[in-house]
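Have a look at the structure below before the remarks.
Protein chains in written order, with the numbering used here: chain A, 1 to 217; chain B, 1001 to 1234.
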């Protein structure tokens, strides 16, 4: 486990391939505890791959990469770091045939979280009333995102990795996401957010970095 | 490992209970295969009993064990494919990796859920075979043991190969191509052991049962050991 002052993310010339394509082509990045870093950049710049690398889901072909003190260039390091991070990616990672509550309870148990927090998380995300018994396949995109966020809240990760977290949400939902991230950071978490909605995300971020052509500018 | 296996199996069975794919698609498909086999082999077609020069039996009755297991294998492909289809969408596979569950637990959970589904399927297909083909029963203990052993093997090997193909775009067509040759020994052993259980003597079935048990243990072990790497690379 890293000391409090150690960087949460430390990449040096990190290369990560999608097939044969270098989605990250020598990225350098340092993220310190308590920061909310906004990743900006055009489509295909490597933002999502950077988040997946930090989550321990993307392999590092060359360079060095440490996340929360774990060497994610190694398979063992990637496996170890996963318990400590939460990723809200393009997919909501929900089972369509299960209800909102069944999904949140399953993933909370799978993530080793406490089931006692599920009801509070559902209420907080505005899906605790009649929606909790609705099948996920019948939810709107915004409601799916709220459900995925409820899973994240129950998981209580130390590093929040959010890929376009505001997409598909109404104004209240966006405010809620910002409040949840802010609250997590106040409690000691760190966040990296990739977003095209610059006005919204810039207000949340403590620092903005540009990702272009697989490099962090 | 066992806690994770229970969690995954309960989730998969709950998804199955809600979606009803087993009852509305897999079981009807299996019954359809049985009926089509019945059409393909005339009920009037007869052959001499083994070792008898005068007594004749229906061919359909004689080949009933093989037809039953073929129907099980084809139906199992649907159940196994479904088991990983629910993980291959919407980032679920990534979420499973992130959860930090024991890969061996995930394997056992998914194989366990497929096992339960296939056993339910086999009850229905067994009844269907009895009605359609009219096979007798000589040794129920051997029959039940053969069915359970063969099904553990099918569920284990199927889960392993489905994980191998999980991340590929061509997984739906690749899994049958990979799996059917691997399950050929199960088809052979289970058919001959079932034949012994139905027509006797039971002593002919025990060596095949041992082979089915060895196959099941082999693939259970391989799954427990290799599933982590497969999940990582899929």
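No residue lacks a Cβ here, since even glycine has one placed at the ideal position from N, Cα and C.
So, is the C-beta of residue 195 of chain A closer than 7 angstroms to a C-beta in chain B? In the first chain, the residue the question calls residue 195 of chain A occupies position 195. False, the Cβ-Cβ gap to chain B never drops below 7 angstroms.
Which runs of the beta strand (DSSP E) at least 3 residues long sit entirely within the segment 137-216 of chain A? Give them in chain order. The segment 137-216 of chain A contains these whole beta strand (DSSP E) runs: 159-163, 190-194, 207-212.
Whether or not the segment 1085-1102 of chain B and the segment 1150-1158 of chain B are in contact is what I'm after, with contact meaning three or more pairs of Cβ atoms, one per stretch, closer than 8 angstroms; do they touch? Judged by Cβ distances under 8 angstroms, the segment 1150-1158 of chain B makes no contact with the segment 1085-1102 of chain B, as fewer than three pairs qualify.
For a test of the three-state rule: what should DSSP assign to residue 102 of chain A, helix, strand or coil? Start at 1 with the first residue of the first chain, and residue 102 of chain A comes out as number 102. Correct three-state label for residue 102 of chain A: helix.
In whole angstroms, what separates the C-alpha of residue 148 of chain A from that of residue 1004 of chain B? Translated into positions along the first chain, residue 148 of chain A becomes position 148. Translated into positions along the second chain, residue 1004 of chain B becomes position 4. In this structure, the alpha-carbon of residue 148 of chain A lies about 21 angstroms from that of residue 1004 of chain B.
How is residue 28 of chain A classed by DSSP in three states: helix, strand or coil? Against the first chain, residue 28 of chain A aligns to sequence position 28. Strand at residue 28 of chain A.
Can you list, in chain order, the residues of the segment 45-74 of chain A whose Cβ is nearer than 7 angstroms to any Cβ on chain B? When C-beta distances to chain B are compared with 7 angstroms, the residues of the segment 45-74 of chain A below that value are 55, 57, in chain order.
Can you check whether the CB of residue 28 of chain A is closer than 7 angstroms to the CB of residue 12 of chain A? In the first chain, counting from the first residue as 1, residue 12 of chain A sits at position 12. In the first chain, counting from the first residue as 1, residue 28 of chain A sits at position 28. Cβ distance < 7 angstroms, so residue 12 of chain A and residue 28 of chain A count as in contact.
Please classify residue 1300 of chain B: does DSSP put it in a helix, a strand, or coil? In the structure as shown, chain B starts at 1001 and stops at 1234, and residue 1300 of chain B therefore has no counterpart that could be examined.
Starting from the Cα of residue 1145 of chain B, find the closest Cα among B:1213, B:1080, B:1024 and give me that residue. The residue you call residue 1145 of chain B lines up with position 145 of the second chain. Closest option to residue 1145 of chain B, judged by alpha-carbon separation, among B:1213, B:1080, B:1024: B:1213.
Residues within the segment 1007-1036 of chain B neighbouring chain D, beta-carbon criterion of under 7 angstroms: Among the chains of the structure shown, chain D does not appear; the protein chains present are A and B.
Taking the straight line between their C-alpha atoms, what separation do you get for residue 1187 of chain B and residue 135 of chain A? Working through the second chain from its first residue, we reach residue 1187 of chain B at position 187. Working through the first chain from its first residue, we reach residue 135 of chain A at position 135. Residue 1187 of chain B and residue 135 of chain A have their C-alpha atoms some 39 angstroms from each other.
Option nearest residue 1080 of chain B by Cα separation, candidates B:1026, B:1059, B:1095, B:1040: The residue labelled residue 1080 of chain B in the question sits at position 80 within the second chain. Selected option, being the one with the closest Cα: B:1026.
Around the C-beta of residue 84 of chain A, are 16 or more other C-beta atoms found within 10 angstroms, so that it is buried, or is it exposed? What you label residue 84 of chain A is simply residue 84 of the first chain in a count that begins at 1. The residue in question, residue 84 of chain A, is buried, as its Cβ has 16 or more Cβ neighbours within 10 Å.
Based on DSSP bridge pairs, tell me the residues matched to residue 62 of chain A. Your numbering for residue 62 of chain A matches position 62 in the first chain. Bridge partners of residue 62 of chain A according to DSSP: A:15.
Those residues which DSSP pairs with residue 1015 of chain B across a bridge: As a position in the second chain, residue 1015 of chain B is number 15, starting the count at 1. Within the DSSP secondary-structure output, residue 1015 of chain B pairs in no beta bridge.
Count the other CB atoms within 10 Å of the CB of residue 1009 of chain B; is the residue buried (16 or more) or exposed (fewer)? Working through the second chain from its first residue, we reach residue 1009 of chain B at position 9. Residue 1009 of chain B counts as buried, since no fewer than 16 other beta carbons sit within 10 angstroms of its beta carbon.
Mind checking who residue 221 of chain A pairs with in its DSSP beta bridge? Because chain A spans 1 through 217 in this model, residue 221 of chain A falls outside it and cannot be assessed.
Would you give the residue range spanned by the alpha helix (DSSP H) that residue 1066 of chain B belongs to? Position 66 of the second chain, counting from 1, holds the residue named residue 1066 of chain B. From DSSP, the alpha helix (DSSP H) with residue 1066 of chain B extends over 1064-1085.
Round the Cβ separation of residue 1198 of chain B and residue 1135 of chain B to the nearest angstrom and send it over; I've been treating them as touching at under 8 angstroms. In the second chain, counting from the first residue as 1, residue 1198 of chain B sits at position 198. In the second chain, counting from the first residue as 1, residue 1135 of chain B sits at position 135. So it is a contact: roughly 5 angstroms between Cβ atoms.
Between the C-alpha atoms of residue 1110 of chain B and residue 1126 of chain B, what's the straight-line distance to the nearest angstrom? Counted from its first residue, the second chain places residue 1110 of chain B at position 110. Counted from its first residue, the second chain places residue 1126 of chain B at position 126. The straight-line gap from Cα to Cα measures roughly 24 angstroms.
Work out the CA separation of residue 1034 of chain B and residue 1129 of chain B for me, nearest whole Å. Working through the second chain from its first residue, we reach residue 1129 of chain B at position 129. Working through the second chain from its first residue, we reach residue 1034 of chain B at position 34. Residue 1129 of chain B and residue 1034 of chain B have their C-alpha atoms roughly 7 angstroms apart.
In the segment 1075-1101 of chain B, which residues sit with their C-beta less than 7 angstroms from some C-beta in chain A, listed in chain order? So the list reads 1086, 1090, 1091, 1092, 1094, 1095, 1097, 1098, 1099, 1100, 1101, given in the order they occur along the chain.
On the criterion of 16 or more Cβ atoms from any shown chain inside 10 Å, does residue 1207 of chain B qualify as buried, or is it exposed? Numbered from its first residue, the second chain carries residue 1207 of chain B at position 207. Around the beta carbon of residue 1207 of chain B, a 10 Å sphere encloses fewer than 16 other beta carbons of the protein chains shown; the residue is thus reported as exposed.
Just checking, does the segment 62-69 of chain A make contact with the segment 32-44 of chain A on the three C-beta pairs under 8 angstroms criterion? Between the segment 62-69 of chain A and the segment 32-44 of chain A there are fewer than three C-beta pairs closer than 8 angstroms, too few to call the two in contact.
Return the chain-ordered list of same chain residues with a C-beta closer than 7 angstroms to the C-beta of residue 1059 of chain B, the five sequence neighbours on each side being excluded. Within the second chain, numbered from 1, the residue matching residue 1059 of chain B stands at position 59. The beta carbon of residue 1059 of chain B lies closer than 7 angstroms to those of 1041, 1045, 1046, 1047 in the same chain, with the five residues before and after it left out.
By how many angstroms is the C-alpha of residue 1012 of chain B removed from the C-alpha of residue 105 of chain A? Your numbering for residue 105 of chain A matches position 105 in the first chain. Your numbering for residue 1012 of chain B matches position 12 in the second chain. If I take the Cα positions, the gap works out to 14 angstroms.
When DSSP labels each residue in this structure, what does residue 86 of chain A get in the three-state scheme? On the first chain, residue 86 of chain A is found 86 positions in, with the first residue counted as 1. In the structure shown, residue 86 of chain A sits in a strand (DSSP, three-state: E or B).
Flag this pair as yes or no: are the beta carbons of residue 173 of chain A and residue 203 of chain A separated by less than 7 angstroms? The residue you call residue 173 of chain A lines up with position 173 of the first chain. The residue you call residue 203 of chain A lines up with position 203 of the first chain. In this structure, the beta-carbon distance from residue 173 of chain A to residue 203 of chain A does not fall below 7 angstroms.
CB contact flag (residue 160 of chain A, residue 121 of chain A, <7 angstroms): Here residue 160 of chain A corresponds to residue number 160 of the first chain, with the count starting at 1. Here residue 121 of chain A corresponds to residue number 121 of the first chain, with the count starting at 1. In this structure, residue 160 of chain A keeps its C-beta atom at 7 angstroms or more from the C-beta atom of residue 121 of chain A.
Considering only the beta carbon of each residue, do residue 1175 of chain B and residue 1165 of chain B sit closer than 7 angstroms? Residue numbering aside, residue 1175 of chain B sits at position 175 when the second chain is read from its first letter. Residue numbering aside, residue 1165 of chain B sits at position 165 when the second chain is read from its first letter. Yes.
Determine, for residue 138 of chain A, whether the minimum Cβ-Cβ distance to residues of chain B falls below 7 angstroms. For the purposes of this step, residue 138 of chain A is taken as the residue at position 138 of the first chain. For residue 138 of chain A, the answer is no, since every Cβ of chain B falls outside 7 angstroms of its Cβ.
Is it true that the CB of residue 1117 of chain B sits closer than 7 angstroms to the CB of residue 1072 of chain B? Translated into positions along the second chain, residue 1072 of chain B becomes position 72. Translated into positions along the second chain, residue 1117 of chain B becomes position 117. The answer is no: Cβ separation not under 7 angstroms.
Apart from the five residues on each side of it in sequence, which residues of its chain come closer than 8 angstroms, Cβ to Cβ, to residue 207 of chain A? As a first step, residue 207 of chain A must be located in the first chain, where it is residue number 207. Within the same chain, 35, 36, 37, 38 come within 8 angstroms of residue 207 of chain A by CB-CB distance, once the 5 residues on both sides are set aside.
Assumed close pair residue 7 of chain A, residue 86 of chain A - CB separation to whole angstroms, cut-off 8 angstroms: In the first chain, counting from the first residue as 1, residue 7 of chain A sits at position 7. In the first chain, counting from the first residue as 1, residue 86 of chain A sits at position 86. Not quite, the Cβ-Cβ distance comes to about 19 angstroms (not below 8 angstroms), so this is no contact.
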